[in-house]
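K.L.:
So that we are looking at the same thing, I have put the structure below in structure tokens.
Residue numbers (mature numbering (1 follows the signal peptide of the UniProt record, and there is no 0)): -22 to -1, 1 to 250.
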């Protein structure tokens, strides 16, 4: 049985509400289909709001330090790629058209990028500059990150974290709905947003990201060159991106197998 489901079942008696089975996106041409288990007390809107606060703090700190890049050619490049990808997101989930998407570039040597719940994207210049990413490769990274948000992998991880924390603390800490609950929410947010993604989640993000990029007119083959560059970058001191997106030996093979499914979408996008 799915571990998250086990944790949800264990904690349901504590919460007097259990898990709900959801499928956050359509399957697309790549055929992503997996039931996801989310705590009913942890809604999509709540997670999006929670993450938006964290995102604004990060962006604000970058602005105060003078490293928030809004006007350079590189910033405009990232914004343009993001716009094309975001336009395709409703193919997988129509409600994403109403998300308050944000895209920001931060000047940093850090090799990292992220799209958090609700469509909050951060790219670091180090990832682009150090790996000399092409537009197609940037789209591969960003499509992958957007896919994590569309599939609500963060909320899924947080649901699992709630199960773990509540099993530890017992019903007493939860029934008060006071400071203990707020502290629990902080713990869950940190836990759910910083752990490495599961192999299943990574595969889903790879496949959906591949299709998003293809539909936006970016060459899906760039996903292969991207991960080859990532692998080389990980041979020394692994970049931050790889700590939450661990590479697996089957990743490139899975992407190569999926490329023929999305190549017609790419070819059609290039004609239009």
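The C-beta atom is built at its ideal place from N, Cα and C for all residues, glycine as well.
Below 8 Å on the Cβ atoms is my contact criterion, and I expect residue 14 with residue -1 to pass it. Report the Cβ-Cβ distance as a whole number of Å.
P.N.:
Counted from its first residue, the chain shown places residue 14 at position 36. Counted from its first residue, the chain shown places residue -1 at position 22. Right, the Cβ-Cβ distance comes to about 5 Å (below 8 Å), so this counts as a contact.
K.L.:
Check each candidate in 248, 97 and 48 and name the one with the smallest Cα separation from residue 28.
P.N.:
On the chain shown, position 50 is the one that residue 28 refers to. Looking at the Cα atoms, 97 is the closest of the given residues.
K.L.:
Verify the contact flag: residue -3, CB atom, against every heavy atom of the ligand GDP, threshold strictly below 6 Å.
P.N.:
For the structure depicted, the ligand GDP is absent and the ligand set is empty, with no information on it obtainable.
K.L.:
So, at 7 Å on beta carbons, what are the nonlocal neighbours of residue 236 in its own chain, with the 5 sequence-adjacent residues on each side left out?
P.N.:
Here residue 236 is taken as the residue at index 258 of the chain shown, counted from 1. Excluding sequence neighbours, residue 236 sits near 8, 185 and 188.
K.L.:
If we ignore side chains and look at the alpha-carbon of each, how far apart do residue 11 and residue 213 end up?
P.N.:
Taking the first residue of the chain shown as 1, we reach residue 11 at position 33. Taking the first residue of the chain shown as 1, we reach residue 213 at position 235. Straight through space, the alpha carbons of residue 213 and residue 11 are spaced by roughly 33 Å.
K.L.:
If you draw a straight line from the C-alpha of residue 243 to the C-alpha of residue 20, how long is it?
P.N.:
The residue you call residue 243 lines up with position 265 of the chain shown. The residue you call residue 20 lines up with position 42 of the chain shown. Roughly 35 Å between the two C-alpha positions.
K.L.:
Would you identify the three-state DSSP class for residue 20, choosing helix, strand or coil?
P.N.:
The sequence position of residue 20 within the chain shown is 42, counting from 1. Reduced to three states, the DSSP call for residue 20 is coil.
K.L.:
Would the region 29 to 37 and the region 79 to 94 be scored as touching if the rule is three or more Cβ pairs under 8 Å?
P.N.:
yes
K.L.:
So within the region 81 to 153, which uninterrupted beta strand (DSSP E) runs reach at least 3 residues, ignoring any that extend past its ends?
P.N.:
91 to 94 and 98 to 102
K.L.:
Just the C-alpha distance for residue 2 and residue 113, rounded to the nearest angstrom, thanks.
P.N.:
Looking up residue 2 in the chain shown gives position 24. Looking up residue 113 in the chain shown gives position 135. Cα-Cα distance, rounded: 28 Å.
K.L.:
Between residue -18 and the rest of its own chain, which residues show a CB-CB distance below 8 Å, the 5 nearest in sequence each way excluded?
P.N.:
As a first step, residue -18 is located in the chain shown; it is residue number 5 there, counting from the start. A caution first: residue -18 carries a pLDDT of 46, below 50, which makes its placement in the model unreliable, though a value can still be read off. So the qualifying residues of the chain are -4 and 15.
K.L.:
Can you give me the Cβ contacts of residue 115 inside the same chain, cut-off strictly under 7 Å, excluding the 5 residues immediately before and after it?
P.N.:
For the purposes of this step, residue 115 is taken as residue 137 along the chain shown, with counting starting at 1. 200, 203 and 204, listed in sequence order.
K.L.:
At the level of alpha carbons, what is the spacing between residue 182 and residue 55?
P.N.:
In the chain shown, the residue the question calls residue 182 occupies position 204. In the chain shown, the residue the question calls residue 55 occupies position 77. Distance between the alpha carbons of residue 182 and residue 55 is about 26 Å.
K.L.:
Check the C-beta distance from residue 99 over to residue 46 and give it rounded, since I have them as a contact under 8 Å.
P.N.:
Along the chain shown, one-based indexing puts residue 99 at 121. Along the chain shown, one-based indexing puts residue 46 at 68. With a contact defined as Cβ atoms closer than 8 Å, residue 99 and residue 46 miss out at about 13 Å.
K.L.:
Apart from the five residues just before and just after residue 101, which ones in its own chain have a Cβ nearer than 6 Å to its Cβ?
P.N.:
Residue mapping note: residue 101 aligns to position 123 of the chain shown, counting from 1. Counting only Cβ-Cβ distances below 6 Å, and skipping sequence neighbours, we find 56, 83 and 91.
K.L.:
Applying the 10 Å Cβ sphere with the 16-neighbour rule, what's the burial state of residue 49?
P.N.:
As a working mapping, residue 49 is identified with position 71 in the chain shown. Label assigned to residue 49: exposed.
K.L.:
Using DSSP with H/G/I as helix, E/B as strand and the rest coil, what is residue -1?
P.N.:
Here residue -1 refers to the residue found at position 22 when the chain shown is read from its first residue. In the structure shown, residue -1 sits in a strand (DSSP, three-state: E or B).
K.L.:
For residue 104 versus residue 88, is the C-beta spacing smaller than 7 Å?
P.N.:
Position 126 of the chain shown, counting from 1, holds the residue named residue 104. Position 110 of the chain shown, counting from 1, holds the residue named residue 88. Cβ atoms of residue 104 and residue 88: closer than 7 Å.
K.L.:
Would you identify the three-state DSSP class for residue 197, choosing helix, strand or coil?
P.N.:
Taking the first residue of the chain shown as 1, we reach residue 197 at position 219. It is coil, neither helix nor strand.
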